[in-house]
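Encoded as C-alpha cells, the structure appears first; notes follow it.
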C-alpha cells in the first residue's frame, strides 16, 4: 500500500473522528458476533459429526437388499414387458449369506476394518423386573477396532467376554434401573423363546441415556445360539481410516455383495441437510450484521467524498491519477475493515471464552459445554468478510471520487 | 533566445449541450521561460478556462497545445496527470491546501507523489522552499492556523515543489489584502525573472496585471489584445 495514499486516507478518517468511531464500532461488533456465532455453530456441527463418526459405524452392511431382487424371468428377458404378481419371498433363516466371504473382501480394501455382529431384541429379567433391550452378538477381539465401546467401559472390559463366554456387558443406566452390580447373574430371553443366564462382566457409560439403557453385548456365538441362527450375522460394521470415504466404499461393497451398505452420511442424511440449512441461516444472520456495518462505512466515505471534493480537485490538478484518488477512498474502507478486525477479533475471542465457560446440565447426560471451533479459518472467514464488506462499501464512493473532474469542481459546477 | 514553454494554436473549448457554450475560441499564444504573463478580461470571458487548458486540466475541443515543444493532444489522462505533476505548478484563488496536513506536509505532497527523492530529501527541499518564501516558522502549522497570505504562499511553495517550468495562477491575489497581494505578486515576478520560469496568471487586479511582462486580454473567449 502506498504510504502517501494511506496517510491521506487516515487523515481523512481522523478528521471525522466521531463518525469514524461509529462506523468502526459497527464493524467491531459485526466481526465479534460473526466470529463467536460462526465458531459456535461450526463447533457444534463438528462435535456432532465427530460423535456421529466416532460412535456410529462408518458403513453398516445390513441383511437386506436396497431394491427387490429380480425374478429369473426378469433377468432372462431384460427388455420384456413382464409383470410378476404375488411373489412371496422364500422363507429362510435371516442374515447375511456368506458373510465370511464378504468380510474377507471388505478387509482387503486398504484402510478398512470390519467386524460382524448379530443383533436382536431380548428381554432382561432380574429380581422380578423385565426390560427390553437390543442385544448385540459381537466378536470381542474385533469389535474394539470398529467401535469406541471399549473407551466407555466403567468397569470390566469387552475382552472379559472372551474369558467368560456367558458374560454380558451392560450400560450404566440399565444397571442402575435394574439395581444390578458387576458379576451378578441375570436372565435374558430372546424372541425365539430361548432363555439364557448371563453374568455381568462389564459396564459401559457413553453419556447417552438411551444407549446406556437399551444396549447390551454378548459373544457372537452365544447370540447365534439364542436366536437359532448358527453361522449367521445380520450386520457387518465397517470402520475406515478416512471416514469421509464412506460413501464411495459403501457403494463398492454394495456393488460386490449385493447387500445394502449404508454409509454414515446416508444414515444421517436428514441431519446433515438440517445442519446445512442451519449454516445457511446462521451465515445469513451474522452477515446481515456486517452488511449493516458496511452501510455505515459507505455513509462515512460518501460524506468524506462529498466534503473533500475540493481536495480531490487539487490532488488531481497536482498530478494525482484517478486511480490514486480511488485508492485513497478504498484505503479508508480497508483501514476501517482492518481496524474493525483488530478490535473485533479479540472481542469475539472474549465472547467465545465466555460461551465456553457456560455449563449445561441435561437430565440423564453428563454436563456439557458449548463446543466451539477455534480453528484459524473461523478467524479468517470473519476477518475476510469484514474487510471485504468494508472494501465493497468503499468502492462506490471511491469510484465516484475518482471520476470527479477537477475543472468542474474548480469552476464550482459540482 | 529563451525557450517556448507553452504554445497554443487556434485553441478552442466548447461545452456540449442543447445550446453549446463556447468558453474559449481561436487562442494562439506562446509563453517563454522567464516570462510573466497576465491574462485579464471581464468576468466570464474565459480567462480561467484558458488557464485550465494551458494546465492540461481540461481538453480543448479544437486546436492544439505544445508543452516544452511536445504536442499534448494525444496524451491519455494518466500521462496528462504525470505532466502536471512534473512540469506544472498551480496556484488558485483560494489556497486549496489540504486542511489536515501541515504547511510542510502540503509542500511535500507533490514530491512524494513524484517519488524522485528520498523522504529526507523531500522534507529538506520542502523546508527550503518554505524558507525561501519566508514561511520557515509556519512549517508545522495547519492551514487554519495561518493567515490568508501565509496560506497562499504555502500554496505557491507547493506549486514550486517539483521545480516546474510553468506556473499557472488563477486569481492568486483575489482573496488577499493589499500587503499580502503585493507579496504574492512579487514572488511570482521573482520566480519568472530570477528562476527563469514561465508564469501565467489570471487576474482582475490592474496593479497585478501592470506588473506583468505581457498582458493578454480575453473578451468573449477570444484574444482582444
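Protein chains in written order, with the numbering used here: chain A, 1 to 414; chain B, 1001 to 1225. A virtual CB, placed ideally from N, CA and C, is assigned to each residue, including glycine. In this text, all values refer to a predicted model and were calculated from it rather than measured experimentally.
What does the alpha-carbon distance come out to for the pair residue i and residue j?
i              : j              : result
residue 1018/B : residue 1074/B : 28 Å
residue 218/A  : residue 188/A  : 11 Å
residue 351/A  : residue 38/A   : 12 Å
residue 293/A  : residue 312/A  : 26 Å
residue 1033/B : residue 1121/B : 27 Å
residue 414/A  : residue 371/A  : Bear in mind that a pLDDT of 46 at residue 414/A, under 50, signals an unreliable position, so the model cannot answer this.
residue 1243/B : residue 276/A  : Examination of residue 1243/B is not possible in this model, given that chain B is present from 1001 through 1225 alone.
residue 1011/B : residue 28/A   : 55 Å
residue 1069/B : residue 1030/B : 11 Å
residue 10/A   : residue 1055/B : 30 Å
residue 1170/B : residue 1007/B : 18 Å
residue 192/A  : residue 228/A  : 7 Å
residue 318/A  : residue 1089/B : 7 Å
residue 269/A  : residue 88/A   : 32 Å
Under the three-state reduction of DSSP, which class applies to residue i: helix, strand or coil?
i              : result
residue 116/A  : strand
residue 1029/B : coil
residue 370/A  : coil
residue 1204/B : coil
residue 136/A  : strand
residue 186/A  : strand
residue 233/A  : coil
residue 1144/B : helix
residue 325/A  : helix
residue 1157/B : helix
residue 1224/B : coil
residue 404/A  : coil
residue 16/A   : coil
residue 1005/B : strand
residue 1089/B : strand
residue 344/A  : helix
residue 1036/B : strand
residue 1012/B : strand
residue 9/A    : helix
residue 121/A  : strand
residue 206/A  : coil
residue 239/A  : strand
residue 333/A  : helix
Beta carbon of residue i, beta carbon of residue j: below 8 Å?
i              : j              : result
residue 1221/B : residue 1061/B : no
residue 143/A  : residue 113/A  : no
residue 1087/B : residue 1057/B : no
residue 226/A  : residue 196/A  : yes
residue 1085/B : residue 1158/B : no
residue 310/A  : residue 381/A  : no
residue 1005/B : residue 1091/B : no
residue 1219/B : residue 1042/B : yes
residue 333/A  : residue 301/A  : yes
residue 132/A  : residue 170/A  : no
residue 263/A  : residue 246/A  : yes
residue 123/A  : residue 137/A  : no
residue 304/A  : residue 16/A   : yes
residue 241/A  : residue 329/A  : no
residue 140/A  : residue 221/A  : no
residue 53/A   : residue 253/A  : no
residue 204/A  : residue 168/A  : no
residue 320/A  : residue 1081/B : yes
residue 326/A  : residue 401/A  : yes
residue 177/A  : residue 213/A  : yes
Is residue i near the ligand ATP, in the sense that its beta carbon is under 7 Å from a heavy atom of that ligand?
i             : result
residue 320/A : Looking for the ligand ATP in the displayed structure turns up nothing, as the structure carries no ligands at all.
Where the region 25 to 54 of chain A meets chain B: residues whose CB sits under 8 Å from a CB there | none
Give a yes or no on contact between the region 290 to 310 of chain A and the region 380 to 400 of chain A, applying the rule of three or more CB pairs nearer than 8 Å.
-> yes
Taking a cut of 9 Å between CB atoms, which residues from the region 1043 to 1076 of chain B lie near chain A?
-> 1048, 1049, 1052, 1055, 1057 and 1058
Between the region 349 to 380 of chain A and chain B, which residues of the former have CB atoms less than 8 Å from a CB of the latter, in chain order?
-> none
Three or more C-beta pairs below 8 Å linking the region 1023 to 1041 of chain B and the region 1197 to 1209 of chain B = yes
Are the region 1135 to 1148 of chain B and the region 1101 to 1108 of chain B in contact at 8 Å, needing three or more beta carbon pairs?
-> yes
Are the region 227 to 240 of chain A and the region 44 to 61 of chain A in contact at 8 Å, needing three or more beta carbon pairs?
-> The region 227 to 240 of chain A vs the region 44 to 61 of chain A: in contact.
The region 274 to 300 of chain A: which residues have C-beta closer than 9 Å to a C-beta of chain B, in chain order?
-> From the region 274 to 300 of chain A, no residue has a Cβ closer than 9 Å to chain B.
Quick one, which residues of the region 1004 to 1038 of chain B are near chain A if we go by CB-CB under 7 Å, in chain order?
-> none
Segment contact, 8 Å Cβ cut-off, at least three pairs: the region 25 to 45 of chain A with the region 276 to 285 of chain A = yes
Positions along the region 312 to 339 of chain A whose CB lies within less than 9 Å of some CB in chain B | So the list reads 313, 314, 315, 316, 317, 318, 319, 320, 321, 322, 323 and 324, given in the order they occur along the chain.
Between the region 1099 to 1122 of chain B and chain A, which residues of the former have CB atoms less than 8 Å from a CB of the latter, in chain order?
-> 1099, 1100, 1101, 1109, 1110, 1112, 1113 and 1114
Please list the residues of the region 5 to 24 of chain A that have a C-beta atom closer than 8 Å to any C-beta atom in chain B, keeping them in chain order.
-> 8, 11, 12, 14 and 15
Please name the residues in the region 389 to 409 of chain A whose beta-carbon is closer than 9 Å to at least one beta-carbon of chain B, in chain order.
-> 405, 406 and 407
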